[in-house]
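One line per chain: the protein sequences are L and R, in this order.
Read left to right, the first sequence gives residues 1 to 114 (the numbering used here).
Read left to right, the second sequence gives residues 1001 to 1115 (the numbering used here).
Positions of the beta carbon are idealized from the N, C-alpha and C atoms, including for glycine.
On a predicted model such as this, the values are computed, not experimentally measured, just so you know.
Reading through the structure tokens given below for one structure.
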Amino acid sequence: GDSVTQMEGPVTLSEEAFLTINCTYTATGYPSLFWYVQYPGEGLQLLLKATKADDKGSNKGFEATYRKETTSFHLEKGSVQVSDSAVYFCALVASYNQGGKLIFGQGTELSVKP
Amino acid sequence: DAGVIQSPRHEVTEMGQEVTLRCKPISGHDYLFWYRQTMMRGLELLIYFNNNVPIDDSGMPEDRFSAKMPNASFSTLKIQPSEPRDSAVYFCASSLGRRGEGEQYFGPGTRLTVT
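In structure tokens form, the structure reads like this:
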């Protein structure tokens, strides 16, 4: 079945460091890909998305490119801030899926130190 | 818009009691999802509705759990009887059909503690 695998956390970085969180997926067809972020004590929020191969999603300085050849959707940010500390979830919606049922990865916790 | 509204935000109850969690989706959204999040199991989809009709309840852990959506603006998740292993944060999310596929808006969650 469809699945998403993320790099294990926690990831601890210093402020202004470069961030990469790896995400790979297994899916039938051509899924849409998403990154969600969960700040402490809150629900998940959509961070960015990409709906077809080679699309780049971007928001708040974060970027991820849909790579069909490597079935990956790695999240990157050039310079992290303390306020980026959160749990990040990679997710997909299968192309055949009705209603947008999301398949989530296990989440990667990011901690940014001043 | 106020976003997805959940109540209560915190619930503490004793084992064996009935618990009802409530959700008001964003107006106009036609899909509603219930999730459970724990440290051990991560984020799990329990059930989702389309136009108030349950589409997939394969994630509901057992018969003690039930969910209803009597109208487009209200849904409940009920646990009866509750058990300590039901302690978790329960999220409700809504989305706008095919155009918003995958773009789910989450509520703040209900933190349930069963003692």
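Chain L within 8 Å of residue i, Cβ atoms only
| i | result |
| --- | --- |
| E1101 (chain R) | yes |
| L1043 (chain R) | yes |
| G1028 (chain R) | no |
| G969 (chain R) | The structure shown has nothing for residue 969 (chain R), since chain R only spans 1001 to 1115. |
| S1094 (chain R) | no |
| P1108 (chain R) | yes |
CA nearest to the CA of residue i, picked from the options
| i | options | result |
| --- | --- | --- |
| R1123 (chain R) | R:T1113, R:S1058 and R:A1093 | Residue 1123 (chain R) is absent from the model: chain R starts at 1001 and stops at 1115. |
| Y1031 (chain R) | L:G100, L:D55, L:E8 and L:K77 | L:G100 |
| S83 (chain L) | L:T24, L:E109 and L:G1 | L:E109 |
| N1052 (chain R) | R:Q1037, R:H1029, R:R1064 and R:G1042 | R:H1029 |
| T117 (chain L) | L:S3, L:V112 and L:P114 | The first residue shown for chain L is 1 and the last is 114, placing residue 117 (chain L) beyond what the model contains. |
| M7 (chain L) | L:E16, L:L13 and L:N22 | L:N22 |
| A53 (chain L) | L:L47, L:A64, L:G107 and L:K60 | L:A64 |
| P40 (chain L) | L:F104, L:L102, L:Q106 and L:V87 | L:V87 |
| G105 (chain L) | L:V112, L:K113, L:P114 and L:V93 | L:V93 |
| A1072 (chain R) | R:P1054, R:S1058 and R:S1066 | R:P1054 |
Classification of residue i by the beta-carbon crowding that lies within 10 angstroms, buried from 16 upward
| i | result |
| --- | --- |
| F49 (chain L) | Here residue 49 (chain L) is Lys; the residue named in the question, Phe, does not match the sequence. Burial call: buried. |
| P1025 (chain R) | buried |
| S1075 (chain R) | buried |
| P1070 (chain R) | exposed |
| F18 (chain L) | exposed |
| A1088 (chain R) | buried |
| K77 (chain L) | buried |
| M1060 (chain R) | buried |
| Q81 (chain L) | exposed |
| V1019 (chain R) | buried |
Any C-beta of chain R under 8 Å from that of residue i
| i | result |
| --- | --- |
| E16 (chain L) | no |
| L44 (chain L) | yes |
| L60 (chain L) | It should be pointed out that residue 60 (chain L) corresponds to Lys in this sequence rather than to Leu. With 8 Å as the cut-off, K60 (chain L) does not count as an interface residue toward chain R. |
| Q6 (chain L) | no |
| K52 (chain L) | no |
| K56 (chain L) | no |
| G107 (chain L) | yes |
| S32 (chain L) | yes |
Query raised in the report: Taking a cut of 7 Å between CB atoms, which residues from the region 1061-1090 of chain R lie near chain L?
Result: none
Query raised in the report: When you check each C-beta in the region 1048-1061 of chain R against every C-beta of chain L, which residues fall closer than 8 Å?
Result: Y1048, N1050, I1055 and D1056
Query raised in the report: Can you list, in chain order, the stretches of the beta strand (DSSP E) that have 3 or more residues and sit fully within the region 1081-1111 of chain R?
Result: 1088-1095
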